[in-house]
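Peer 1:
Chains as they are written, first to last, in the working numbering: chain A, 12 to 301; chain B, 1292 to 1997.
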């Protein structure tokens, strides 16, 4: 059973692509938009935030293309940050929301930042969690995978070597188990890993391939952050193995925002340390409102 | 002693009246604190300023007619326009372009007028117990008393004392009634004394003139409505629901009219500033930070299981005795919990002991207002009225509590140990929602005792303080997770807490665990004495007399008197050698010199001297006398006059050990001291032994909590 069910659920039609959205606490004044992230998981990764935030705010979640209640589209053009920003605007329009505090986790930070830069009047505040913004070099073990991503994988491949397109197609479930074991670097994370693996198995390697093939060029994230006019909050775990903590620190600095460093937390602290993240998000929304 | 000192102070002339103001320089927004003069002045904010000035720039002033400002007479010198003009003059003089104005009582009317007429100067308003015309219903007793304001009443009483003839004839009568009525909270003796004292700094004529001046320029309701409508600023109202000066409806009225925030203090009277300072201070800070706080703050939060075990140890800085025993306890605690990290929130002179022991001193320690400096400032000669000194330390205690609370709010401490950390224990009972971590309270005496010279009034005050403590513990047993008495039940002074209050011993046995005495060191055995004496350069045949007054800086008179007796004693006892220890807070060069007399400054591990001397001459402080008792040394002790702890608690405990010879500083002359030195030096003694496992026992009690 879910702790809270949506007051409104529906789909927006995006030029033939259906995106599922949910609205909680629909009667509340202020709106929080919880953005999708890498489509390997869907909007249920906000499950620890929604019931709490929805007691105070109108909370909107939606599934991005490729997972959850949205279509499993394999057109790479649907996966650019610009496309995500347009989808978010469409969801806000559908819900009749002028502006919202926008929260993005990991790749969701790119989508949220793009939205805030392109549509400043729609974003009252921007919170980024473990942002996947390439503002600093990646960790060495992650850097190594980029060169070999499209090459054949060796036999007995281990660790980050599994971040490989052919391996995804051959051993998708094994890859996602590995990946989420890295996301949740905190001890005693069995339930968090099970949940994420389950959500990952609702999509497939063809969708992830399409996302990887999204057309460029890469945005200048530093420049976009510097340009932001809304208040920002960055939450980043110091034990994040996916996105180095330094990236969050720089993101806060460039956007003149507040930094919440979560000592010993991993990549997805909203799942693993939900209470602290919930309180920090509430404080942020209140501050934005005042 | 005040808890904070202004960066600068000055006066500014406004229409021939000198207005005194103070500036506490700092970054961040400026707070302008406006007192409701002339019945009080800027000292009404004494519990706020030290805290607010650590975070913001603070400006305050004494209104016309009181404090250090001029005393104009005549109704036309106390109009609203003039008081508002004073605010503007101070803002100009202090270089305040824009401020958050904080006002109390009727000063809020001036603040609102100022905000309306100078909107560019006022960024926000914190209105405490506000009284503004038309906003909310006033108490009926004001209108009733106002009707007889000018009459010559026979035997006026109660609110009838609000009368020109009474106020001009006997100001104290009116203000005593008024503040007694305002302080609805129990145990408000100190706040009452403060408020009446400040009120008596004006005159009855001025106070009466200022009351009548309110009728000179009253606005019509329409004018007033325009004024309120013109306000466009954030407002926080704090109001006690038992306020009998300004009805809480008036706070609600202001909050409603300005779309501001209202915080009601249930059970609170008119002087929330003084009576619930912690709540008021934190509410102001939250309000200011929410509206003007920096967005670029950085916070680090650590996952629960990734946190090391941490303790914050707060050691009383009055004297050095607590530091030594607290170090001994921490040493034992680390044997039980090797991974425990201990931070100390401490101030001079305790920090000297901690630094030489290599302990970690929390950086916030440097913000603490000096408690030992206050105690020194309260002493005069060989006299320290320590109960009154503690009462007058109220603003230092609240200032230091606010620092402590910030440290524990941010520090993830599992354990807080307060060795006679009065501020923590008191304000956590007054603000129980602020408690963090497990809390150990530790003390070596329980119960304030009146001194005979203080008469009935002092007996009433000590009983009131004791009663408050007893009520605190009864209402909130969860605040002290462990209360440790440093000593044994037999050491407890056999008295009651006061009329109709329990016996101290019975109550203490019910509410404390007993660790036994904690010396902080193991006294040398007979075979070790010679080698320590040798180390210190004491020859076997010398009769070494050590004179020390501890670490508080109180005691120069005793040192001088004993040193003056030295030549007399030396004539009778040629092998006499005297070592006078000035301690950390007395300049050794300020003491007289004699051949055969040595004067030392601060001595680390002074117990080594004490434990091998042939005679010690000391004050009546517990630590030093018990060290001497543990080391089986003969000693003369001079309890400080009017020091209830030294005269009752310590003396009783020493008597249980059969230790020491109590001396009366005033009664004895130099010959008498010399004679006592001659007869006591080297005397063999047979005291009831002092336990040596006290630190271990206390550590075990504490370790159970982590």
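C-beta: ideal position from N, C-alpha, C; glycine also. Just so we're clear, the structure is a prediction, and the values are computed from it rather than from any experiment.
Exposed or buried, what is residue 286 of chain A when buried is set at 16 or more other beta-carbons lying within 10 Å of its beta-carbon?
Peer 2: The residue given as residue 286 of chain A occupies position 275 in the first chain. Counting Cβ neighbours within 10 Å, residue 286 of chain A comes out exposed, since fewer than 16 surround it.
Peer 1: Could you pull out every residue in the same chain whose Cβ sits closer than 7 Å to the Cβ of residue 1953 of chain B, ignoring the five residues on either side in sequence?
Peer 2: Walking along the second chain from the start, residue 1953 of chain B turns up at place 662. Correct list, in chain order: 1928, 1930, 1942.
Peer 1: Could you check whether the Cβ of residue 1345 of chain B sits closer than 9 Å to any Cβ belonging to chain A?
Peer 2: Taking the second chain and counting its residues from 1, the one referred to as residue 1345 of chain B is at position 54. Not an interface residue.
Peer 1: For a contact meaning CB atoms closer than 7 Å, what does residue 1593 of chain B contact in chain A?
Peer 2: Here the question's residue 1593 of chain B lines up with position 302 in the second chain. Here the neighbours are 274, 275.
Peer 1: Who are the Cβ neighbours of residue 68 of chain A in its own chain at under 7 Å, not counting the five residues just before and after it?
Peer 2: Locating residue 68 of chain A in the first chain gives position 57, counting from the first residue. Around residue 68 of chain A: 36, 39, 41, 42, 43, 296.
Peer 1: In the segment 1660-1710 of chain B, which residue ranges form an unbroken beta strand (DSSP E) of at least 3 residues, counting only runs that do not cross its ends?
Peer 2: Qualifying beta strand (DSSP E) stretches, in chain order: 1706-1710.
Peer 1: Please list the partners that residue 198 of chain A has in chain B, where partner means a Cβ-to-Cβ separation under 8 Å.
Peer 2: For this step, residue 198 of chain A is matched to residue 187 along the first chain. In chain order: 1596.
Peer 1: In chain order, what residues of the same chain have a beta carbon less than 7 Å from the beta carbon of residue 1472 of chain B, not counting five sequence neighbours either side?
Peer 2: Start at 1 with the first residue of the second chain, and residue 1472 of chain B comes out as number 181. Closer than 7 Å at the Cβ level, and outside the excluded window around residue 1472 of chain B, lie 1535.
Peer 1: I want to see whether chain A comes within less than 9 Å of residue 1590 of chain B, judged by CB atoms only; does it?
Peer 2: Residue numbering aside, residue 1590 of chain B sits at position 299 when the second chain is read from its first letter. Yes, its Cβ sits closer than 9 Å to a Cβ of chain A.
Peer 1: Less than 9 Å between the beta carbons of residue 1688 of chain B and residue 1653 of chain B, yes or no?
Peer 2: On the second chain, position 397 is the one that residue 1688 of chain B refers to. On the second chain, position 362 is the one that residue 1653 of chain B refers to. Cβ atoms of residue 1688 of chain B and residue 1653 of chain B: not closer than 9 Å.
Peer 1: Report the option in B:1388, B:1328, B:1582 whose CA atom is closest to the CA atom of residue 1491 of chain B.
Peer 2: Stepping through the second chain from its first residue, residue 1491 of chain B is reached at position 200. Ranking the options by Cα distance to residue 1491 of chain B, first place goes to B:1328.
Peer 1: Contact between the segment 227-237 of chain A and the segment 139-156 of chain A: three or more CB pairs below 8 Å?
Peer 2: The segment 227-237 of chain A is in contact with the segment 139-156 of chain A.
Peer 1: Touching or not, the segment 1363-1371 of chain B and the segment 1504-1512 of chain B, by the rule of three or more beta carbon pairs under 8 Å?
Peer 2: Yes, since at least three Cβ pairs between the segment 1363-1371 of chain B and the segment 1504-1512 of chain B fall closer than 8 Å, the two stretches touch.
Peer 1: Nearest CA to the CA of residue 1602 of chain B: which residue from B:1727, B:1947, B:1343?
Peer 2: Here residue 1602 of chain B corresponds to residue number 311 of the second chain, with the count starting at 1. It is B:1727 whose Cα lies nearest to the Cα of residue 1602 of chain B.
Peer 1: So what's residue 1625 of chain B in DSSP terms, helix, strand or just coil?
Peer 2: Sequence index remark: in the second chain, residue 1625 of chain B carries index 334 (1-based). Reduced to three states, the DSSP call for residue 1625 of chain B is helix.
Peer 1: Since residue 1593 of chain B contacts residue 1703 of chain B with CB under 8 Å, what's their CB separation in whole angstroms?
Peer 2: Within the second chain, residue 1593 of chain B is the residue found at index 302, counting from 1. Within the second chain, residue 1703 of chain B is the residue found at index 412, counting from 1. Confirmed, Cβ separation roughly 6 Å.
Peer 1: Could I get the ranges of all uninterrupted alpha helix (DSSP H) runs contained in the segment 1333-1392 of chain B, with 4 residues as the minimum, in chain order?
Peer 2: Here the runs fully enclosed are 1340-1346, 1371-1384.
Peer 1: Rank A:167, A:214, A:280 by C-alpha distance to the C-alpha of residue 53 of chain A and give the top, closest one.
Peer 2: Position 42 of the first chain holds residue 53 of chain A. Ranking A:167, A:214, A:280 by Cα distance to residue 53 of chain A puts A:214 first.
Peer 1: Give a yes or no on whether the minimum CB-CB distance between residue 86 of chain A and chain B is below 9 Å.
Peer 2: As a working mapping, residue 86 of chain A is identified with position 75 in the first chain. It does not; no Cβ of chain B falls within 9 Å.
Peer 1: Comparing C-alpha positions only, which one of B:1349, B:1813, B:1655, B:1408 sits nearest to residue 1524 of chain B?
Peer 2: Within the second chain, residue 1524 of chain B is the residue found at index 233, counting from 1. Among B:1349, B:1813, B:1655, B:1408, the Cα nearest to that of residue 1524 of chain B belongs to B:1408.
Peer 1: Which residues in the same chain as residue 1800 of chain B place their Cβ atom closer than 6 Å to its Cβ, once the five residues preceding and following it in sequence are excluded?
Peer 2: Along the second chain, one-based indexing puts residue 1800 of chain B at 509. Hits under 6 Å: 1780.
Peer 1: So, is the C-beta of residue 184 of chain A closer than 9 Å to a C-beta in chain B?
Peer 2: To locate residue 184 of chain A, count along the first chain from 1; it is residue 173. No, its Cβ sits nowhere closer than 9 Å to a Cβ of chain B.
Peer 1: Examine chain B for any beta-carbon lying closer than 9 Å to the beta-carbon of residue 251 of chain A, and answer yes or no.
Peer 2: The residue labelled residue 251 of chain A in the question sits at position 240 within the first chain. So, not an interface residue.
Peer 1: Which two residues bound the contiguous beta strand (DSSP E) that contains residue 143 of chain A?
Peer 2: Mapped onto the first chain, residue 143 of chain A falls at position 132. That residue, residue 143 of chain A, is in no beta strand (DSSP E); it is neither H nor E in DSSP.
Peer 1: Using a Cβ-Cβ cut-off of 9 Å, state whether residue 192 of chain A counts as contacting chain B.
Peer 2: Locating residue 192 of chain A in the first chain gives position 181, counting from the first residue. By this cut-off, residue 192 of chain A is not an interface position.
Peer 1: For residue 272 of chain A, name the three-state secondary structure that DSSP assigns.
Peer 2: Indexing the first chain from 1 puts residue 272 of chain A at position 261. Residue 272 of chain A falls in the strand class under three-state DSSP.
Peer 1: Taking Cβ to Cβ, would you say residue 1599 of chain B is nearer than 9 Å to residue 1632 of chain B?
Peer 2: The count along the second chain starts at 1 and reaches residue 1599 of chain B at position 308. The count along the second chain starts at 1 and reaches residue 1632 of chain B at position 341. Yes, the pair counts as a contact, with Cβ atoms nearer than the cut-off.
Peer 1: Does the count of Cβ pairs from the segment 1395-1413 of chain B and the segment 1326-1343 of chain B closer than 8 Å reach three?
Peer 2: Touching, per the Cβ criterion.
Peer 1: Would residue 174 of chain A and residue 195 of chain A be called neighbours here (beta carbons separated by less than 9 Å)?
Peer 2: For the purposes of this step, residue 174 of chain A is identified with residue 163 of the first chain, where counting begins at 1. For the purposes of this step, residue 195 of chain A is identified with residue 184 of the first chain, where counting begins at 1. Taking 9 Å as the Cβ cut-off, residue 174 of chain A and residue 195 of chain A do not qualify as a contacting pair.
Peer 1: Quick one: which unbroken alpha helix (DSSP H) runs of 4-plus residues sit fully inside the segment 62-107 of chain A? Chain order, please.
Peer 2: Entirely contained in the segment 62-107 of chain A, the alpha helix (DSSP H) runs reaching 4 residues are, in chain order, 92-106.
Peer 1: What's the call for residue 1646 of chain B, buried or exposed, on a 16-neighbour Cβ count within 10 Å?
Peer 2: Here residue 1646 of chain B refers to the residue found at position 355 when the second chain is read from its first residue. Exposed, because fewer than 16 other Cβ atoms sit within 10 Å of the Cβ of residue 1646 of chain B.
Peer 1: Please go through the same chain and pick out, in chain order, the residues whose beta-carbon is closer than 7 Å to the beta-carbon of residue 1564 of chain B, but skip the five residues on each side of it.
Peer 2: Numbered from 1 along the second chain, position 273 holds the residue referred to as residue 1564 of chain B. Once the five neighbours on either side are set aside, the close Cβ partners of residue 1564 of chain B are 1335, 1336, 1338, 1339, 1395, 1419, 1571.
Peer 1: In the DSSP assignment, find the beta strand (DSSP E) that holds residue 12 of chain A and state where it starts and stops.
Peer 2: As a position in the first chain, residue 12 of chain A is number 1, starting the count at 1. Unbroken run through residue 12 of chain A: none, as it is neither H nor E.
Peer 1: Under 8 Å: do the segment 1878-1898 of chain B and the segment 1956-1970 of chain B share three or more Cβ pairs, one atom per stretch?
Peer 2: No contact exists between the segment 1878-1898 of chain B and the segment 1956-1970 of chain B.
Peer 1: Just confirm the distance between the C-beta atoms of residue 1404 of chain B and residue 1518 of chain B, as a whole number of angstroms; I'd bet it's less than 8 Å.
Peer 2: By one-based count along the second chain, residue 1404 of chain B stands at place 113. By one-based count along the second chain, residue 1518 of chain B stands at place 227. Sure, about 7 Å apart at Cβ, within 8 Å.
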